[in-house]
Amino acid sequence: MKGNYLGLLIYSLMLLSLQAAPAFAVDESLLLAAQNMLAKGQSVEALDLLEPHEEEYAGDKEYDYLYGLSLLDTGEPAAAVFAFQRVLAIEPNFAGARLELGRSYFDMGQMSRAQREFVIVQSQSPPRSVTEVVDKYLAAIESRSLQNRKGWKGFLQLGLGDDSNVNSATSSQNFLGFDLTEDSRKTPSSVLSMLGGISYNLPLSINSKFFFKTSVNSRANNDASFTSTLNYDLLAGYNRSIGTSSDISVAMQFYTADVDGHYNNKGLSLTGQFNYNFSPSNQLGLFLRSGMVNYETVFDIKDVDQNLAGLSWAHVFSGQSRVSVVMAAIAGQESAVEEESPYGRDYTGVRLSASYPVTHRLNLFASVGATESEFDGTFFEIPEVRTDTFLDFSIGSSWRVNKTWVLKGVIGQTENTSNIDIYDYDRNLIMLTARSEFHP
2 MKGNYLGLLI YSLMLLSLQA APAFAVDESL LLAAQNMLAK GQSVEALDLL EPHEEEYAGD
62 KEYDYLYGLS LLDTGEPAAA VFAFQRVLAI EPNFAGARLE LGRSYFDMGQ MSRAQREFVI
122 VQSQSPPRSV TEVVDKYLAA IESRSLQNRK GWKGFLQLGL GDDSNVNSAT SSQNFLGFDL
182 TEDSRKTPSS VLSMLGGISY NLPLSINSKF FFKTSVNSRA NNDASFTSTL NYDLLAGYNR
242 SIGTSSDISV AMQFYTADVD GHYNNKGLSL TGQFNYNFSP SNQLGLFLRS GMVNYETVFD
302 IKDVDQNLAG LSWAHVFSGQ SRVSVVMAAI AGQESAVEEE SPYGRDYTGV RLSASYPVTH
362 RLNLFASVGA TESEFDGTFF EIPEVRTDTF LDFSIGSSWR VNKTWVLKGV IGQTENTSNI
422 DIYDYDRNLI MLTARSEFHP
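The sequence shown begins at 2 in my numbering and counts up by one.
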């Protein structure tokens with residue numbers, strides 16, 4: 002497919018040069034330089050050249066077409082969609098932009114939408130070189146070659162940071178007249194983390210697949226080793242697309258967690274999720290989860306059965322900013338397994354997250370959330386029902402070094418307020434991570 006794509010690119014650029022003159026002046030030398038870079042496969046350089054002018058030239062079909070190509074070829078198909086849609090809003094019959102829009106959906110894994118765009122291109126009687134490329138994409142969709150080519154992929158993430166309260170403990174020195182041990186009080190520590198995982202897709206048809214994921218997460222709290230953790234996670238599920246606008250998935254997840262080198266707890270859950278895309282910019286999500294958490298024998302009073310439901314809405318603003326926001330609400334119940342356990346609770350939560358791609362390399366993001374919990378039993382023979390309010394806020398940025406590596410910095414703060422003093426705590430976290438994703 003790559004062999005024919007160079008001819009397609011040259012054809013599209015020639016066709017674009019024959020379009021009507023833009024409604025406002027565009028620096029022709031800028032566009033010519035970008036064309037030359039793309040023809041030579043220098044997509045990153047082309048994007049670096051074009052992106053600073055998006056606010057000035059967005060809406061010009063030649064600029065948007067080249068800008069979309071550079072985004073797509075540097076691994077940002079979701080952003081490229083908006084650029085190609087702007088082109089087609091001006092010139093609906095521009096086959097080159099429509100085919101690139103199909104490629105964008107293809108790279109995003111939205112096969113039904115990709116197929117629709119490719120079929121429209123076919124209906125426009127393009128040259129043979131274009132037809133051959135379209136036919137190969139359609140054949141790839143039909144034969145699931147995309148999923149086969151990307152059947153498995155993996156990632157590795159390394160992190161370094163500082164945590165002001167690694168054990169999420171109170172800063173009080175005593176409680177109910179008793180002095181608290183050092184391990185039961187707020188403990189700061191530097192942090193080293195390593196996270197790695199592999200996922201595999203097993204397609205059944207264009208619209209359905211099985212998926213498998215496994216990961217290992219190690220966190221060493223250097224100044225408080227008694228809180229260091231090692232988690233193993235395994236997930237298997239099934240996903241099916243419904244038409245061009247929605248999909249449903251069901252997954253079973255198992256995890257086990259070690260603390261200070263010893264087994265601490267494990268969990269098993271079943272999750273169902275439904276996503277509905279109103280448009281490329283809007284998605285509604287609904288999920289249900291049911292599971293259990295079992296602790297080692299000495300802590301089995303904490304064992305619970307879990308049920309959780311959630312609703313989310315994601316929106317990506319079009320135009321120059323491409324800001325995305327996600328709003329979510331959850332409601333859940335944890336039922337204690339032990340009859341005398343106080344750890345059963347009902348809880349509700351809300352979260353707002355936002356992301357702003359300053360450039361194709363630099364992304365800013367922020368998240369704020371709140372959860373209210375009301376517990377069933379009594380703690381420390383205090384007759385008052387325990388209620389907690391958990392608040393968290395984080396802000397950060399990521400820098401894409403290349404197609405493989407991303408550097409990220411995060412500053413976060415959490416605070417848990419409880420009517421039982423020993424459960425009051427605050428926590429500040431600073432983390433720097435480097436993440437690499439790879440596939441055949």
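For each residue, glycine too, the CB sits at the ideal point set by N, CA and C.
Check                                                                                                                  : Outcome
Cβ-based neighbour list, residue 27, same chain, cut-off 6 Å, excluding 5 preceding and 5 following                    : 58, 61, 64
Residue 393 versus residue 352 - alpha carbon distance                                                                 : 9 Å
Span separating the alpha-carbon of residue 105 from that of residue 81                                                : 7 Å
Status (buried if at least 16 other CB within 10 Å, exposed otherwise) for residue 264                                 : exposed
Closest by C-alpha distance to residue 291, when choosing among 97, 282, 308                                           : 308
Separation of residue 86 from residue 277, as counted between CA atoms                                                 : 20 Å
Endpoints, alpha helix (DSSP H) assigned at residue 173                                                                : No alpha helix (DSSP H) contains residue 173, which DSSP labels as neither H nor E.
Between the CA atoms of residue 220 and residue 167 - distance to the nearest angstrom                                 : 11 Å
Closest residue to residue 299 among 197, 266, 272, 280 (Cα-Cα distance)                                               : 266
Residue-chain proximity (residue 96, chain C), Cβ-Cβ < 7 Å                                                             : Of the chains in the structure shown, none is chain C; there is only one protein chain.
Nearest residue (CA-CA) to residue 161, options 171, 101, 108, 222                                                     : 222
Pairwise C-alpha distance: residue 139 and residue 155                                                                 : 27 Å
Alpha-carbon spacing of residue 180 relative to residue 296, whole angstroms                                           : 26 Å
Alpha helix (DSSP H) segments (min. 4 residues) lying fully within the region 64 to 129                                : 78 to 91, 96 to 109, 112 to 124
Pairwise C-alpha distance: residue 95 and residue 31                                                                   : 22 Å
Residue 425, DSSP secondary structure in three states                                                                  : coil
Residue 58: first and last residue of the uninterrupted alpha helix (DSSP H) it sits in                                : 55 to 58
Endpoints, the alpha helix (DSSP H) within which residue 37 is located                                                 : 29 to 40
Residue range of the unbroken beta strand (DSSP E) whose run includes residue 225                                      : That residue, residue 225, is in no beta strand (DSSP E); it is neither H nor E in DSSP.
Delimiting residues of the alpha helix (DSSP H) encompassing residue 44                                                : 44 to 51
Beta-carbon separation (whole angstroms), residue 289 vs residue 268, contact threshold 8 Å                            : Actually they are not in contact, since the Cβ atoms of residue 289 and residue 268 sit about 16 Å apart, beyond 8 Å.
Local Cβ density within 10 Å of residue 83, reported as buried at 16 or more and exposed below that                    : buried
Of the listed residues 48, 90, 359, nearest to residue 71 (C-alpha basis)                                              : 48
Cutoff 8 Å; reference residue 89; Cβ partners in own chain excluding five residues on either side                      : 95, 98, 99, 102
Identity of the residue in 228, 431, 294, 163 nearest residue 339 by Cα                                                : 294
Opening and closing residue of the beta strand (DSSP E) in which residue 260 lies                                      : 247 to 260
Residue 382 versus residue 422 - alpha carbon distance                                                                 : 14 Å
Extent of the continuous beta strand (DSSP E) run through residue 409                                                  : 406 to 419
Segment contact, 8 Å Cβ cut-off, at least three pairs: the region 403 to 420 with the region 117 to 136                : no
Close-in-space but distant-in-sequence residues of the same chain around residue 52 (CB under 7 Å, 5 per side omitted) : 360, 361
Straight-line Cα distance separating residue 66 from residue 74                                                        : 12 Å
C-beta atoms of residue 258 and residue 218 nearer than 7 Å                                                            : no
For residue 158 and residue 434, believed in contact at Cβ under 8 Å, the rounded distance                             : 6 Å
Close beta carbons around residue 336, own chain, < 7 Å, minus the five adjacent residues each side                    : 305, 306, 345
Sequence-distant residues of its chain with Cβ nearer than 6 Å to residue 236 (five each side left out)                : 214, 252, 254
Own chain residues within Cβ distance below 7 Å of residue 116, not counting five before or after                      : 139, 142
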